[in-house]
Every structure is written in structure tokens, then in C-alpha cells.
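Residue numbers (my numbering), protein chains in the order written: chain A, 99 to 430; chain B, 65 to 393; chain C, 7 to 410. Virtual Cβ for every residue (Gly too), placed ideally from N, Cα, C. Here the structure is a predicted model, which means the values were calculated and not measured.
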Amino acid sequence: MTGKIHLDRAHLHRLYRQMLRIRRFESKCVELYQAQKIRGFLHLYDGEEAVAVGVANALGPRDAVVATYREHGQALARGVPMAALMAEMLGKREGCCRGRGGSMHIFDRERRFFGGNAIVGGGLPLAAGIAFADKRLNRDAATACFFGEGAVGEGVFHETMNLAQLWHLPLLFVCENNLYAMGVPLDIGESETDIFRKAQAYRMPAEQVDGMDVVRVEAAARRALDHIRATPGPYFLECRTYRFRAHSMFDTQAYRTRDEIERWRERDPIERLRAWMLDNRQLGADESARIDADVDGEIAEAVAQAEAGTLESVADLERYVLMDAVVQEAAP
Amino acid sequence: MTGTLRMTYREACRQAIRDALRAEPRSFVMGEDVGRYGGCYAVTKGLLEEFGPERIVDTPLAEAGFVGACIGAALAGLRPIVEIMTCNFSLLALDQIMNNAATIPHMSGGQFSVPLVVRMATGAGRQLAAQHSHSLEGWFAHIPGLKVLAPGTVEDARHMLGAALADPNPVLIFEHIVLYNAEAELDPSVTGVDIAQARVRREGTDASLVTYGNSLPKCLAAADALAAEGISVEVVDLRVLRPLDMATVSASVQRTRRCVIVDEGWRSGSISAEVAARLAEDFFFDLDAPLRRVCGREVPVPYAAQMEAAALPQVPDIAAAVRGLVRPT
Amino acid sequence: MADFLMPALGADMETGKVVQWLVTPGSRVKPGDIVAVVETHKGAIDVEIFLEGVIDELAPLGTELRIGEVLARVRSSSAAASPSPSPSTEPSPARSSSLPPSPSPAPSPAPTRSPLPLPATAAKASPAARRRARELGIDPGQLAGTGVAGAVTLADVDAAAASAAHAAAQTPRPRGFDALQMRQAIGAAMSRSKREIPHYYLASIVDFGAAAAWLESVNRDCGAEEQLLPAALLLAAAARALAQTPQLNGFHVDGAFRPGAGVHVGWAIALRGGGLVAPAIHDADRKTPAQLMAALRDLVQRARTGGLRSSELSDPTATVTSLGERGAESVLGVIYPPQVAMVGFGRVVERPWVVDHHIVPRPLVQVSLAADHRASDGHLGGLLLAAIDQSLQSPERLGPRSTA
Chain A
99 MTGKIHLDRA
109 HLHRLYRQML
119 RIRRFESKCV
129 ELYQAQKIRG
139 FLHLYDGEEA
149 VAVGVANALG
159 PRDAVVATYR
169 EHGQALARGV
179 PMAALMAEML
189 GKREGCCRGR
199 GGSMHIFDRE
209 RRFFGGNAIV
219 GGGLPLAAGI
229 AFADKRLNRD
239 AATACFFGEG
249 AVGEGVFHET
259 MNLAQLWHLP
269 LLFVCENNLY
279 AMGVPLDIGE
289 SETDIFRKAQ
299 AYRMPAEQVD
309 GMDVVRVEAA
319 ARRALDHIRA
329 TPGPYFLECR
339 TYRFRAHSMF
349 DTQAYRTRDE
359 IERWRERDPI
369 ERLRAWMLDN
379 RQLGADESAR
389 IDADVDGEIA
399 EAVAQAEAGT
409 LESVADLERY
419 VLMDAVVQEA
429 AP
Chain B
65 MTGTLRMTYR
75 EACRQAIRDA
85 LRAEPRSFVM
95 GEDVGRYGGC
105 YAVTKGLLEE
115 FGPERIVDTP
125 LAEAGFVGAC
135 IGAALAGLRP
145 IVEIMTCNFS
155 LLALDQIMNN
165 AATIPHMSGG
175 QFSVPLVVRM
185 ATGAGRQLAA
195 QHSHSLEGWF
205 AHIPGLKVLA
215 PGTVEDARHM
225 LGAALADPNP
235 VLIFEHIVLY
245 NAEAELDPSV
255 TGVDIAQARV
265 RREGTDASLV
275 TYGNSLPKCL
285 AAADALAAEG
295 ISVEVVDLRV
305 LRPLDMATVS
315 ASVQRTRRCV
325 IVDEGWRSGS
335 ISAEVAARLA
345 EDFFFDLDAP
355 LRRVCGREVP
365 VPYAAQMEAA
375 ALPQVPDIAA
385 AVRGLVRPT
Chain C
7 MADFLMPALG
17 ADMETGKVVQ
27 WLVTPGSRVK
37 PGDIVAVVET
47 HKGAIDVEIF
57 LEGVIDELAP
67 LGTELRIGEV
77 LARVRSSSAA
87 ASPSPSPSTE
97 PSPARSSSLP
107 PSPSPAPSPA
117 PTRSPLPLPA
127 TAAKASPAAR
137 RRARELGIDP
147 GQLAGTGVAG
157 AVTLADVDAA
167 AASAAHAAAQ
177 TPRPRGFDAL
187 QMRQAIGAAM
197 SRSKREIPHY
207 YLASIVDFGA
217 AAAWLESVNR
227 DCGAEEQLLP
237 AALLLAAAAR
247 ALAQTPQLNG
257 FHVDGAFRPG
267 AGVHVGWAIA
277 LRGGGLVAPA
287 IHDADRKTPA
297 QLMAALRDLV
307 QRARTGGLRS
317 SELSDPTATV
327 TSLGERGAES
337 VLGVIYPPQV
347 AMVGFGRVVE
357 RPWVVDHHIV
367 PRPLVQVSLA
377 ADHRASDGHL
387 GGLLLAAIDQ
397 SLQSPERLGP
407 RSTA
């Protein structure tokens with residue numbers, strides 16, 4: 099039945115373009131950060147694009163997404179408008195969170211994008227709760243919860259896995275195993291380095307997938323979501339991937355070698371897909387150039403809009419601490 | 065139920081939950097031992113049979129997990145009433161409460177609210193020793209984004225939950241373990257209470273006792289004792305620790321001009337310190353005597369009966385503090 | 007020519023030192039190229055450039071630069087890519103990028119100051135006592151304190167004031183007030199009132215029969231000292247009505263109405279020699295007619311002997327003037343700024359009145375309101391007068407209040 103993707107030209111272009119958008123957006127963030135336009139902590143997604151894009155293409159508009167502080171990829175793939183995202187990073191009122199969250203706390207109600215969490219593992223119980231509510235309210239929705247393999251060390255990861263399986267929650271755990279929890283390599287941090295096996299200890303269906311291959315990721319995500327919706331019950335996807343840049347901006351990367359990074363760059367998900375499409379005549383050189391130009395144009399426009407944005411008045415500092423005065427519209 | 069409205073604080077909590085579950089289909093109770101066990105303090109006794117496992121949900125021992133899940137459920141449109149067995153275990157869920165529940169509405173720029181109720185037992189006095197005797201409501205009252213309630217009467221136990229459930233913010237309700245057995249006759253004309261104001265429980269003219277929770281009955285007893293000595297004491301029940309109703313407190317102090325704050329928590333950085341600071345900041349010129357506090361002693365609560373008693377505010381200490389201000393010579 | 011500036015690489019980075027250049031003057035660069043290795047307090051980091059062009063000049067190796075200072079200069083090619091954003095820090099004005107800024111000379115150390123001598127120990131007095139003492143012109147340092155740690159309390163200050171007033175009352179003294187000065191002050195206040203306050207006036211005739219009958223029955227059982235005068239009833243009715251219409255009880259200050267903290271009615275007292283004062287009876291709405299009578303007696307006596315407190319003179323939230331038995335039938339008052347209302351009572355007179363379709367003689371009193379049109383209008387004023395009328399029809403309800 100499903101679990102299969104219709105790999106037509108349009109879909110391939112869509113996957114390619116979404117990944118490229120993320121890659122170039124992250125580049126622009128570096129530039130803006132170095133110029134002190136973006137402040138605080140900045141965690142970039144270069145190299146991992148296939149995971150966010152593959153999963154996003156398997157989700158539907160009713161589904162929910164919980165992500166981490168390394169969330170630009172998930173946010174863009176989910177459809178959070180780039181201009182709103184950029185404005186948020188620049189601390190503007192036009193940002194999706196009116197400048198109150200920043201890079202690590204992106205929220206978008208319309209897209210059911212529930213952050214953005216700076217506490218490693220902090221979003222996992224939230225994801226379980228959203229899935230719990232959706233199931234209770236018969237919403238026919240699944241929640242995709244992204245986290246790194248570092249989160250697996252936290253107690254709250256295990257608590258959430260247990261609850262998800264016990265309560266048969268419609269929850270897709272997407273573990274982005276990029277082999278380093280900040281500066282801690284996988285084998286220093288985990289007694290069991292095949293993360294998906296931990297899910298099996300909770301009797302949760304789980305698999306490991308090549309996170310540098312967007313088509314494989316999407317196929318696995320579709321399989322997982324089919325299972326989630328049918329059972330219902332959670333599913334665990336360990337995506338083996340790699341981040342080409344440092345953990346965050348201010349990181350000397352003393353914990354890994356340049357050789358290793360170069361080797362992984364040879365498996366760049368965007369380059370792989372592009373090469374395959376060119377070889378298989380699914381993409382022409384002029385189409386590629388057009389996509390490049392479109393993406394660059396979108397980013398330039400987002401930056402321009404964000405820079406032209408306004409600063410939230412300090413008089414509104416406490417406006418959203420309590421929600422008594424804020425009118426709530428439709429259910430999330 | 066019989067026609068009488070006399071009930072214990074515990075029964076009042078139970079009845080409040082019952083009303084909530086009936087009135088609000090999106091609500092449910094979640095926590096450790098709330099269902100099959102009947103609740104550690106028997107508050108939810110019988111409710112599993114009455115409402116079923118969908119509404120009364122037993123959890124594994126995973127405070128961060130299930131409190132976080134209730135926060136997520138509130139984000140997604142349900143109205144959870146999560147029970148943390150005692151505030152002593154709430155530390156395991158503190159990250160979820162502080163970094164998620166209290167902050168997501170603000171961080172999201174007002175896109176999401178967290179209409180969550182968290183009930184916890186709190187306090188000391190049953191010789192449960194150091195790890196089971198904390199009063200942490202003052203700590204939680206430090207955090208913007210939360211509302212913190214401390215019902216000190218059976219009436220408040222009966223009606224605060226309803227108001228908390230209707231509130232769009234995360235509301236924490238601290239039920240003192242010693243109060244669970246307190247009994248009172250409820251006024252049938254009272255069908256709801258606010259969760260914004262302090263209340264003068266006893267009028268007086270010579271000094272104001274400002275307090276909450278299980279220190280309230282102790283203050284009332286101290287006021288009775290002092291009345292026999294010709295000292296008229298006004299007792300103010302804070303009821304709400306965040307946001308503090310300083311209007312009521314200050315009006316009392318403007319009348320009596322002397323104030324003793326009684327708080328079971330340790331005095332350093334406690335909610336009593338906050339009340340005292342605000343009085344000194346904004347109502348300095350109304351004070352005719354120094355501010356005084358009667359708080360828990362700075363010691364992890366000991367097990368032995370006489371030591372525990374010495375570690376907590378007691379009626380004679382409270383009366384002595386008032387006497388020291390009104391009749392210092 | 008474009009400047010490539012030392013980038014911010016972390017939230018707490020302030021300076022960086024170039025330890026390796028990966029390009030040379032003449033190298034062609036494009037956005038994304040890694041051009042240098044910069045040493046920071048966290049270690050060495052690769053730095054990307056976002057300019058397109060040809061390297062012209064490089065800062066020397068080993069230079070420590072602050073964020074925003076020039077690292078290199080780039081000759082931009084004619085077809086430049088998207089312009090890099092101008093950084094928000096000010097670029098270094100140095101002509102040559104090689105000179106690090108000279109450190110500013112260390113300021114000469116400020117002369118050490120010996121600690122200020124502590125003031126002579128001030129009298130220990132509570133904040134409330136100090137405020138009251140200041141109002142009364144009493145030095146708290148001269149008083150014996152009965153408070154905590156021997157501090158002077160409110161009670162101590164009031165006792166001192168009372169005994170001083172008492173002593174003053176005993177000794178024969180010249181007139182308690184300077185008539186000319188008072189006349190001038192009254193003149194200034196009344197002129198200001200007429201200048202600034204847009205007055206409107208309402209008046210009602212109130213049937214005083216029930217009140218008169220009640221007074222008679224109450225006074226029958228009282229001794230001479232406890233006799234209630236009509237003034238006490240009128241004052242009680244006015245005070246309660248003000249409590250019910252709070253927009254008439256307060257002040258117009260800085261262009262806005264501020265309600266009074268309580269109903270502190272100023273009672274107009276005429277002084278022999280031509281003076282006029284209207285000291286406050288605090289919380290008049292919570293006092294019974296008997297309590298008000300006692301307060302009136304006390305105030306009148308102290309007004310005439312000059313023993314009023316300044317708080318009594320500054321506290322009224324509204325004023326009531328009653329012309330008494332020898333006054334005119336009605337009074338339309340002039341409001342004391344910054345108050346917003348003055349209630350006036352004329353003389354109680356016996357006149358024909360209609361009761362149950364019959365004309366009968368009745369004691370009547372004219373009640374008037376002069377009010378500040380900026381704070382209220384006729385409808386509200388009318389409610390106040392109606393409330394007074396209502397109180398006077400059921401005077402027994404003005405008795406001791408039951409707790410709700």
C-alpha cells in the first residue's frame with residue numbers, strides 16, 4: 099500500500115528545492131550572525147537537510163511537529179514562512195514569535211509547529227502530550243518529534259518512550275543521530291550506539307535509516323506514519339546523519355577531524371540528489387540554475403523584509419506572560 | 065451526597081474534581097496512583113469507578129514525562145488536571161513546569177497558551193521527614209507565567225479548582241497535607257471563588273497577620289489567644305501567592321500599622337520576604353513598627369515529633385511575634 | 007573597495023587574533039570561502055568571508071582585533087553578488103588596518119575618600135510616626151518612645167500633640183488664627199475655584215418629618231451631652247450618599263479625577279472673627295449619627311481654639327456645609343479645590359407640603375449640590391441628592407451598621 103513515494107519529477111524537484119532552501123538559509127544565518135544581526139546561540143542544520151525534508155513530506159497539514167534548538171530545517175520544511183523565521187532571528191516584531199523566542203524557540207500555530215526547545219529532551223513529553231490530545235480529540239493526526247541522539251541520555255527520553263508505547267500514542271520519534279552530542283562522540287555517550295534498539299526495549303517498532311538520503315528518509319517516514327495511524331501507536335526512526343558545521347557558531351570542533359567532515363561531505367544529501375537527477379535526466383542545468391536563483395531570491399527577500407521590520411515596543415514586555423487578555427482562536 | 069454541606073478539605077477537593085470532570089469534557093486527572101490506589105491522600109478515591117480510566121489516568125513514576133505530557137495536551141486543546149503526589153516530587157518536573165509551561169506562551173509571542181492545572185500536596189507536620197516535608201509554593205511563586213494558589217479553607221479547596229480550570233494560564237494549587245482532615249460547613253450561597261484576591265478572615269485593629277495554607281488556622285488561633293489579652297489582630301489569608309494581592313494586604317496594614325507574616329517555608333528568599341519587601345517599598349510610611357516574620361526554621365524538616373514542631377511556625381511563636389510589636393515594653 | 011571585518015562568532019566573543027591566512031593579496035574570493043583561522047578564548051575557528059572580489063590587503067598575523075575591526079580589504083568585482091549587510095558595529099576609522107588601537111591611558115586613580123562621618127544618632131521613630139510628626143511640626147527626637155526598641159510610635163506623637171493642644175487650650179492665648187491671613191487664603195481658594203472649576207448646581211427639597219420625629223425619640227432617652235442635632239443626621243446622610251456615588255468623592259488633579267481613599271467629609275465651621283475652616287471627619291460614612299455628633303463637637307471646639315491637625319485640613323474628599331438654625335433656606339456652595347463636590351443644607355423650615363393628597367405643614371430642608379462638571383454631570387448629582395433624601399426618610403437605618 100503506502101510507504102511508497104511517487105517519485106515523479108515534480109516531487110524530486112520539491113525535495114531538492116526544500117533541502118537547498120535550508121542549506122542556503124543557514125549560510126545566510128552565518129553571515130548575519132558574524133555581522134551581529136543574529137545574536138545569542140545559533141545551531142545550524144547543514145548536512146542534515148534530508149531528515150527534515152524527508153519527514154516533512156510524509157506529514158500532512160493536520161499533523162504536529164516538535165523540534166529542538168537546531169530547528170531551522172524542520173521549520174522551513176514544515177512551511178513556516180521564511181520571512182517570519184528570518185524576522186524572528188533578527189528579533190523583530192514581524193517574527194513568528196514577535197522577537198521573543200529567537201533561533202531556538204520557533205513556534206507557528208497555523209502549521210502546528212510547537213517549537214523549538216533549548217533544553218535537550220525538553221520537547222519529548224510535550225510531543226507525547228500533543229499526541230495524547232490529538233488521539234483523545236479524534237483528530238486523525240500524528241506528532242513528529244525531532245531530537246538528537248544526545249537527548250537519549252536524558253531520563254525524560256525514557257519516560258516519554260514508555261508513556262508513548264503504554265498509551266499507544268500517534269507519535270513519530272525522529273532521532274537525528276549526527277554522531278556528536280555537542281562535543282561528545284556517540285561511543286562516549288551511549289552504551290548502546292544503535293539508538294533504534296532502545297526503542298525496541300520498549301516494544302516499539304523501530305528502524306535505522308540512512309539520513310543522508312532524502313528518498314529513503316521519506317519512504318521510512320511514510321512507512322512509520324502508516325503504522326502510527328493504523329495501530330495506533332508510536333514508531334521510532336533513527337536517522338544516521340552528520341552536521342557539516344560546528345555544534346553552534348562558537349565551537350572550535352576540537353572533537354573531530356577535518357578529514358571526517360570531508361568524508362561526510364562527499365555524502366552531501368543535496369549534492370547526491372542533484373547528481374542523481376542530472377544523471378537520470380530529471381533535472382536540466384537551466385532548471386537547476388532557475389531553482390538556485392529562486393532560492394537565493396527568496397532568501398534575499400526574506401532578509402530585506404526582516405531588516406525592514408520593526409522592534410516590539412518594550413512597553414509590551416510582559417504582554418504574553420499571562421494569557422488572560424489574549425484572545426484564543428481555533429483549537430491548535 | 066446528603067443535604068448537609070459539611071465536609072472535609074479532602075472531600076472538598078474531591079467534589080471540586082468531580083464538578084470539573086462533569087462540566088468540562090476536555091478535562092481529565094492524571095498522576096501517580098490517582099486511579100486504582102484512590103490517591104495518595106485519598107482525594108481521588110472512588111473517582112476511577114465513577115469516571116473511568118479515560119478521565120482518571122494512572123501513570124508510571126515519571127514526573128517529567130507525565131507533567132510534560134499534560135503541558136503538551138494543554139497546548140493541543142485539552143484541559144488536564146495533573147496531580148503531582150507531593151511538591152517534594154515536583155522537582156523532577158520543574159524543568160517542564162518552568163521551561164515549558166511558564167514560558168511557551170511568552171516565547172511563542174502569544175500563539176499558544178497552557179491551560180493546565182497542577183495539584184500538589186505540600187507542607188509538613190506529619191513527621192514525614194526531610195524529603196517529604198517541603199513547602200515549595202513560594203519557589204514556584206517566583207516564576208512569571210504561573211499562577212500559584214494556596215487554599216487555606218474548605219471553601220477555597222471546594223471552589224478554587226473550578227476557577228483554575230477556567231483560567232488560560234498554568235495554575236498550581238498547593239493543598240496542605242495537614243489541612244486535608246480539616247472540616248467545615250460550606251456556605252451554600254457560595255458557588256465559586258476568585259483566584260485573584262486575598263481575604264480578611266478576621267478583622268482587627270492592632271496588628272495584621274498575613275499568611276496562607278496551614279499557617280492560617282494557627283494565625284486564627286493566635287488571634288483568639290491575643291484577644292483575651294486585649295490585643296485585636298486582623299488575619300489576612302493570602303489565598304493567591306502569585307500574583308500577590310497587595311491591595312488587600314496593604315489596606316490591612318494601613319489600618320493596623322503593624323504586620324507579622326507567617327510562612328511555613330524557610331525564611332530565606334521565601335514568599336514572606338516578598339510580601340515584606342513590597343510593604344517596605346510601597347507602604348513604608350504606614351508602618352508604625354518593624355515588619356516581622358514567623359517562618360520555618362532553616363533546617364531540613366526533622367522526623368522526631370518535638371524537633372519537627374520546633375522547626376515549624378506554631379501558635380505561641382505567632383502570638384509572641386504580635387505581642388512583641390503591640391506591647392514591646 | 008570593501009572591508010572584511012572581524013566577525014562575531016559567539017555570544018561572548020569580544021576579540022580574536024588571526025593566526026593563519028588561507029588567502030593572499032590577489033586571491034579571488036567568493037561568499038562562503040574560508041579565508042582565515044582566528045584564535046579566540048575558546049580556541050581556533052575557521053572564518054568565512056561573504057564578499058566577492060580580490061583580496062587587496064590583509065591584517066598582519068597575530069593582530070588582536072575587536073569584533074568589527076578591519077581584517078582585510080577586498081576589491082569588489084563589477085558583478086558583485088548580493089551585498090553583504092553592513093554590520094551594526096562602527097568600522098574602525100584607522101587608515102591602516104595594521105595598527106591595533108593604542109590602549110587608552112589608565113585614568114589616574116581617584117583619591118580615596120575617608121568614609122563620611124555617621125550623622126548623630128537620629129531619633130528612632132516609626133515611618134508613620136515621623137510623617138505625622140512632620141505634619142504637626144513636632145520633633146520626634148524630643149519624645150519618649152513606647153514602641154519596639156524604644157522607637158517613637160504614632161500614638162506617642164498623637165499624645166504629644168494632644169497634650170500640647172490641651173496645654174495651649176488651658177493658657178489664655180491670642181486669637182488662634184490671623185483673621186486677615188485667613189480671609190486672604192479663603193479669597194485665593196474661592197477665586198481659584200470659580201476660575202477653574204466649571205460648577206453645576208442641583209437642589210432638592212427634602213421632607214424632614216421622619217428625621218425630626220426620629221431625632222425627638224432618640225433624644226428623649228439621652229442626657230444633655232448626648233443630644234443629637236439635625237446636623238449629625240444630615241452629615242450621616244451626605245456621607246453615605248457620597249460613598250454610594252464615588253465619582254463625587256475625590257479630587258480633580260492633573261486633568262483627571264482621583265477617587266478619595268475613603269469618605270472623609272470636610273465639615274464647614276464658621277469661626278468667630280470671620281474665619282472659615284472645613285476640617286475632615288474621617289470615614290464619615292462608617293460612623294453612626296452619635297459618633298458623628300461627637301466628632302462634630304470635638305472639631306468645632308478644636309477649630310475655635312486652634313487645635314486642628316493639618317491632616318484634618320488636607321484630607322477632606324468632599325465638603326458639607328450646613329447653615330444651621332439661623333442660616334438661609336438654601337446654599338449653593340463654592341467647591342474647595344481640588345475637591346469636586348460640595349453638599350449644602352439650608353435651614354429646616356416649616357412649610358406647606360402635600361402628603362397623601364393633603365396639604366399639611368411639614369419640616370423641610372433644602373439640599374443642594376455644587377459639583378465639578380469635569381468629574382460628573384447632572385445625572386450623577388441627582389443620584390446623590392436622591393440618596394440623601396432616601397436616607398433622611400429612614401433615619402433609623404443610619405444607626406450602627408450591621409456587618410454584612
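Annotated three-state conformation of glutamine 306 (chain A) is strand, per DSSP. Where proline 37 (chain C) is concerned, there is no enclosing alpha helix (DSSP H), because DSSP gives it neither an H nor an E. With a threshold of 16 other beta carbon atoms within 10 Å, aspartate 288 (chain B) falls short and is exposed. For glutamine 318 (chain B) and valine 269 (chain C), the gap between their C-alpha atoms comes out near 16 Å. Where threonine 311 (chain C) is concerned, there is no enclosing beta strand (DSSP E), although the alpha helix (DSSP H) around it starts and stops at 295-311. Unbroken alpha helix (DSSP H) stretches of 4 residues or longer found wholly inside the segment 195-266 of chain B: 201-204, 218-230, given in chain order.
Non-local C-beta neighbours of leucine 157 (chain A) in its own chain, meaning closer than 8 Å and more than five positions away in sequence, comprise Val163, Arg176, Ala240, Ala242, Ala319, Leu323, ordered along the chain. In this model, leucine 229 (chain B) and valine 158 (chain C) are separated by some 50 Å (Cα to Cα). Secondary structure at leucine 386 (chain C): helix, using DSSP grouped into helix, strand and coil. Boundaries of the beta strand (DSSP E) around cysteine 273 (chain A): 269-275.
Note on leucine 125 (chain B): under 16 other CB atoms within 10 angstroms of its CB, so exposed under the neighbour-count rule.
Under the DSSP assignment, serine 272 (chain B) falls in the beta strand (DSSP E) whose first and last residues are 271-275. Nearest C-alpha to arginine 368 (chain C) among C:Ser374, C:Lys48, C:Ser336, C:Val355: C:Val355. The Cβ atoms of phenylalanine 176 (chain B) and phenylalanine 205 (chain A) lie closer than 9 Å to each other.
Per DSSP, the continuous alpha helix (DSSP H) segment holding threonine 312 (chain B) begins and ends at 310-320.
For the C-beta of asparagine 260 (chain A), the chain B residues within less than 8 Å are, from N- to C-terminus, Pro124, Ala126, Gly129.
Residues of the segment 215-233 of chain A with a Cβ closer than 9 Å to any Cβ of chain B, in chain order: Asn215, Ala216, Ile217, Gly219, Gly220, Gly221, Leu222, Pro223, Leu224, Ala225, Ala226, Gly227, Ile228, Ala229, Phe230, Ala231, Asp232. In the DSSP secondary-structure assignment, methionine 184 (chain B) is bridged to B:Ile148, B:Phe238. DSSP links proline 367 (chain C) through a beta bridge to C:Pro358. Contact between the segment 21-33 of chain C and the segment 354-365 of chain B is not established, with fewer than three Cβ pairs separated by less than 8 Å. DSSP, read as helix, strand or coil, puts proline 146 (chain C) in helix. Looking at C:Ala217, C:Val360, C:Arg353, the one whose alpha-carbon comes closest to that of leucine 398 (chain C) is C:Ala217.
Chain B places a beta carbon closer than 9 Å to that of alanine 162 (chain A), counting this residue as a contact.
By the CB criterion at 9 Å, valine 181 (chain B) and isoleucine 148 (chain B) fall outside the cutoff. For glycine 388 (chain B), the enclosing alpha helix (DSSP H) stretches over residues 379-390. Alanine 413 (chain A): not part of any alpha helix (DSSP H); DSSP gives it neither H nor E. By the criterion of a C-beta distance shorter than 8 Å, threonine 350 (chain A) is surrounded in its chain by Ala344, once the five residues flanking it on both sides are discounted. Annotation: the continuous beta strand (DSSP E) that includes lysine 23 (chain C) extends over 21-27. Its chain contains Leu140, Met347 as the residues whose beta carbon lies nearer than 6 Å to that of tyrosine 131 (chain A), once the 5 sequence neighbours on both sides are disregarded; these appear in chain order. According to the DSSP assignment, serine 82 (chain C) belongs to the beta strand (DSSP E) that extends over 76-82. The closest CA to that of isoleucine 325 (chain B), considering only B:Thr186, B:Ser279, B:Ile295, is found on B:Ser279. Residue-level contact check: methionine 347 (chain A) touches chain C, since one or more beta carbons of chain C fall below 9 Å from its beta carbon.
In the three-state DSSP reduction, glutamine 345 (chain C) falls in the strand class (E or B). Rounded to whole angstroms, arginine 198 (chain C) and leucine 370 (chain C) show a C-alpha spacing of 33 Å. Below the 8 Å Cβ cutoff, chain C contributes Pro133, Ala134 as neighbours of aspartate 350 (chain B), in chain order.
Here tryptophan 273 (chain C) is bridged, per DSSP, to C:Val326.
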